[in-house]
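2 protein chains.
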Amino acid sequence: MRYELYYWGEIQGRGEYVRLALEDVGADYIDVARQPGGTDKMMRQMEKGPTPSFAPPYLKAGKLMIGQTANILLYLGEKHGLAPKTAAGRLWTHQLQLTISDFVVEVHDTHHPIAGGLYYEDQKPEAKRRSADFLEHRVPKYLGYFEAVLNANKAGKGRALVGARTTYADLSLFQVVAGMRYAFPQAMRKAERKFPRVVAVHDAVAARPRIRAYVDSPRRIPFNQMGIFRYYPELDAG
Amino acid sequence: MRYELYYWGEIQGRGEYVRLALEDVGADYIDVARQPGGTDKMMRQMEKGPTPSFAPPYLKAGKLMIGQTANILLYLGEKHGLAPKTAAGRLWTHQLQLTISDFVVEVHDTHHPIAGGLYYEDQKPEAKRRSADFLEHRVPKYLGYFEAVLNANKAGKGRALVGARTTYADLSLFQVVAGMRYAFPQAMRKAERKFPRVVAVHDAVAARPRIRAYVDSPRRIPFNQMGIFRYYPELDAG
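Taken in order, these protein sequences are the chains called F and R. Sequence positions in the first sequence follow this note's numbering and run 2 to 239. Sequence positions in the second sequence follow this note's numbering and run 2 to 239.
In structure tokens:
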């Protein structure tokens, strides 16, 4: 079966967590909105059928249409061994993913604290205030949480959040570190010293052959100023 | 087995979605932080064990400690018949719940657009701008989405989002309507006219005997100015 991923073709965004999972398991998939006419197809189809999505990404898997990033990963994780086989292990992996989802919302709101529908330029002072708080309080809290989880999971040997094997939560944590380095390079350089295990997961995921091949390929859309992780020097903290 | 729910004892907040599910199935549970010393116990225990939580709520279910609201509902839904039995039906219910989670984040940020750690009084102008955008663009988009889902689900006869039976997503939609009525009474009065099916789900859930008994009991914490849904008249739109 060939999966069909529907997500904006110009950005990594939330779709990237799904792309990383598909790439890591070597799945056969098509990134629909990167094909000619694909974005129109995505928008037309999104609201149709018995399980419409509120927003991209969504994944067509045979007859299933699955929306919400973490939900797609729940499905793929179980199907492709990117999550433990036990019910308890699957819930735990999903819990970590949902916490990453919460973090991603906060990242987005650093440059759009007032409204996603307004330009960044229309909310710059607010973005500065929100980013300062985000870097001072939220980033240490989130990264500290994942650091503690890694520290407690002896089976993972510092390279996996859950058990001994890589899960979709590890792939997502890789993306968080990569994105933070792009968006807040100065603040992240300092923060990384305090969270070596988080960085180690990033490095372990980056070294996985399929992820390395993907990141080096044109299939990986570069970070840019339209995505969730954006680089505005004035929002970074030295 | 007696469940132990860990959530702030003074607010409905995110814990309320779990409370509604536990109440609706008549589960034996204890709301730990509402007992003497319970909040301390919640905070001490939260970061311990093999599956620590980033924040409340979390649920102790036998040996399991499950965090993240939607994840807890995924577990309870399967266990107590508050979700379909099929894998596809469970994914769809969870997708709807995750969309409600996204909405709840946006509700919170109407009064805290800059930082959750600052007082509302320190971000009032920003809260006004964010709330205006929220009411004009986001509320119709979200409620319109759920209205369309209800319209398409003929089996639910306008009273259920998924199939013919009540799921945890319906209980959560009830809470969203109740909360919006408290936080934005004027705007909600107008909005409800456009989303009669959403209101019908609220009413159907409110009429369920266990939910009615719960809402009328002292176990239901009243809406207040510390929770996620807060009433600030200056943020409401007439």
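Positions of the beta carbon are idealized from the N, C-alpha and C atoms, including for glycine. Quick caveat: nothing in here was measured; it's all calculated off a predicted structure.
- Per-residue contacts from Q176(R) into chain F (C-beta, under 7 Å): Going along chain F, no residue has its Cβ under 7 Å from Q176(R), so there is no contact; the nearest lies around 18 Å.
- Message: Just to confirm the assignment, what range does the alpha helix (DSSP H) spanning K49(F) have?
- Response: Unbroken run through K49(F): none, as it is neither H nor E.
- Task: Mark R130(R) as exposed unless 16 or more other C-beta atoms lie within 10 angstroms of its C-beta, in which case mark it buried.
- Result: R130(R) sits buried, since 16 or more C-beta atoms from the chains shown fall within 10 Å of its C-beta.
- Message: With a threshold of 8 Å between beta carbons, is Q55(R) in contact with chain F?
- Response: In the sequence as displayed, the identity of residue 55(R) is Phe instead of Gln. Judged by the 8 Å Cβ criterion, F55(R) is in contact with chain F.
- Task: Taking only beta-carbon positions, decide if V202(R) is within less than 8 Å of chain F.
- Result: no
- Task: Output the distance between the C-alpha atoms of V206(R) and G63(R), rounded to the nearest integer angstrom.
- Result: Those two C-alpha atoms are separated by around 28 Å.
- Buried/exposed call for K61(F), threshold 16 Cβ in 10 Å: Buried, by the Cβ-count rule.
- What residue does the beta strand (DSSP E) around D123(R) start on, and which one ends it? From DSSP, D123(R) is part of no beta strand (DSSP E); its letter is neither H nor E.
- Task: Give the DSSP-derived three-state secondary structure of D217(R) in the structure shown.
- Result: coil
- Could you list the residues in the segment 125-143 of chain F with a C-beta less than 7 Å from some C-beta on chain R, going in chain order? E127, R130, R131, D134 and H138
- Message: Could you give the first and the last residue of the continuous alpha helix (DSSP H) run that contains D237(F)?
- Response: Careful: D237(F) lies outside any alpha helix (DSSP H) and carries neither H nor E.
- Message: Counting only C-beta atoms, is E48(R) closer than 8 Å to chain F at any point?
- Response: Yes, E48(R) lies at the interface with chain F (some Cβ there is under 8 Å from its Cβ).
- Query: So which residues on chain F does T100(R) lean against when the C-beta distance must stay under 7 Å?
  - Reply: Residues of chain F whose Cβ lies closer than 7 Å to the Cβ of T100(R) are, in chain order, F55 and Q69.
- Item | Rounded C-alpha distance that separates Q98(F) from R91(F) | 11 Å
- Contact between the segment 8-22 of chain R and the segment 31-49 of chain R (3+ Cβ pairs under 8 Å): yes
- Query: Is it true that the CB of F55(F) sits closer than 8 Å to the CB of Y146(R)?
  - Reply: yes
- Evaluate contact between the segment 132-144 of chain R and the segment 180-190 of chain R, counting only Cβ atoms and requiring at least three cross-stretch pairs below 8 Å. yes
- Which of the three DSSP states, helix, strand or coil, is assigned to K158(F)? Three-state DSSP puts K158(F) in coil, outside helix and strand.
- Query: What is the DSSP secondary structure of M189(R), reduced to helix, strand or coil?
  - Reply: Of the three classes helix, strand and coil, the one that applies to M189(R) here is helix, per DSSP.
- What residue does the alpha helix (DSSP H) around G78(R) start on, and which one ends it? T70 to H81
- Query: Short check: CB of M43(R) to CB of P57(R), under 8 Å?
  - Reply: yes
- Do the segment 154-174 of chain F and the segment 72-86 of chain F touch if we need at least three Cβ pairs shorter than 8 Å? yes
- Every unbroken alpha helix (DSSP H) within the segment 78-114 of chain F, with a cutoff of 4 residues, ordered by chain: 88-112
- List the residues of chain F that H95(R) touches, going by C-beta distances under 8 Å, in chain order. Q69, N72 and L75
- Where E24(F) falls: helix, strand or coil (DSSP): Three-state result, E24(F): helix.
- Task: Decide if the segment 152-163 of chain F is in contact with the segment 209-220 of chain F; the criterion is three or more beta carbon pairs, one per stretch, under 8 Å apart.
- Result: Contact between the segment 152-163 of chain F and the segment 209-220 of chain F is absent: fewer than 3 CB-CB pairs across the two stretches fall below 8 Å.
- Interface residues of chain R facing P51(F) [CB-CB closer than 7 Å]: A153
- Identify, in the order they occur along the chain, each residue of the same chain with its Cβ nearer than 7 Å to the Cβ of Q176(F), setting aside the five sequence neighbours on each side. E17, Y18 and L21
- Message: Can you list, in chain order, the residues of its chain with a C-beta nearer than 7 Å to that of Y143(F)? Leave out the 5 residues immediately preceding and following it.
- Response: For Y143(F), where only same-chain residues beyond five positions count, the Cβ hits under 7 Å are F104.
- Message: I'd like the list of long-range same chain contacts for E148(R), defined as Cβ closer than 7 Å, with 5 residues on each side in sequence excluded.
- Response: F196, R198 and V199
- If you follow the beta strand (DSSP E) that Y4(R) is part of, which residue opens it and which one closes it? Y4 to Y7
- Message: Taking the alpha helix (DSSP H) that D171(F) belongs to, which residues open and close that run?
- Response: Y169 to A184
- Beta-carbon proximity of L141(F) to A71(F), cut-off 8 Å: Here residue 141(F) turns out to be Pro, not Leu, going by the sequence shown. Going by C-beta atoms, P141(F) is not nearer than 8 Å to A71(F).
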